[in-house]
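Peer 1: Okay, handing you the structure first.
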Amino acid sequence: MFIHIGNDTVIQSKDVITIIDRNVITSSSVMEEMMHHAKKEEKVVGDIADTKSVVVTSDYIYFSSLSVSTLKKRASMISTISKLDDYAEELE
Numbered sequence: 235m236f237i238h239i240g241n242d243t244v245i246q247s248k249d250v251i252t253i254i255d256r257n258v259i260t261s262s263s264v265m266e267e268m269m270h271h272a273k274k275e276e277k278v279v280g281d282i283a284d285t286k287s288v289v290v291t292s293d294y295i296y297f298s299s300l301s302v303s304t305l306k307k308r309a310s311m312i313s314t315i316s317k318l319d320d321y322a323e324e325l326e
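Residues 235 to 326 in the numbering used here are what the sequence shown lists, from first letter to last.
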């Protein structure tokens with residue numbers, strides 16, 4: 235399944251490692267170092283100006299204009315949808 239994380243960006247939900255608040259990046263020296271390393275390798279997507287949350291995947295780090303709670307709700311909906319049974323054949 236896919237998650238729309240804002241800024242015209244859609245990623246696969248299976249690739250998401252974590253979604254964190256932007257303030258955590260600026261308050262943690264470990265996170266700042268990780269961001270510096272990712273920027274150096276050109277693995278950062280998005281503009282930090284409008285960022286409310288940071289989505290870390292197996293390949294990239296995305297700056298999202300959506301809040302952590304909004305992204306969590308979207309990921310939760312996808313999880314719920316993927317657990318639903320498919321009755322399409324029974325309707326025909």
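We treat Cβ as the ideally placed atom computed from N, Cα and C, and that holds for glycine.
1) Would you please state the rounded distance, in angstroms, between the beta carbons of Asn241 and Ser298? I believe it to be under 8 angstroms.
2) Starting from the C-beta of Asp249, find all residues in its chain whose C-beta is less than 6 angstroms away, skip the five residues before and the five after it, and write them out in chain order.
3) Are the CB atoms of Ile237 and Ile245 within a distance shorter than 7 angstroms?
4) Taking the straight line between their C-alpha atoms, what separation do you get for Ile282 and Thr243?
5) Tell me whether Met235 is buried or exposed, calling it buried when 16 or more other Cβ atoms sit within 10 Å of its Cβ.
6) List the residues that DSSP assigns as beta-bridge partners of Ser298.
Peer 2: According to the structure data:
1) In the sequence shown, the residue the question calls residue 241 occupies position 7. In the sequence shown, the residue the question calls residue 298 occupies position 64. 7 angstroms between Cβ atoms; contact.
2) Position 15 of the sequence shown holds residue 249. Result list for Asp249: Thr291, Ser292, in chain order.
3) Within the sequence shown, the letter at position 11 stands for residue 245. Within the sequence shown, the letter at position 3 stands for residue 237. Yes, the pair counts as a contact, with Cβ atoms nearer than the cut-off.
4) To locate residue 282, count along the sequence shown from 1; it is residue 48. To locate residue 243, count along the sequence shown from 1; it is residue 9. Cα to Cα, Ile282 sits roughly 15 angstroms from Thr243.
5) Position 1 of the sequence shown, counting from 1, holds the residue named residue 235. It counts as exposed.
6) Taking the first residue of the sequence shown as 1, we reach residue 298 at position 64. Ser298 is bridged to Ser287.
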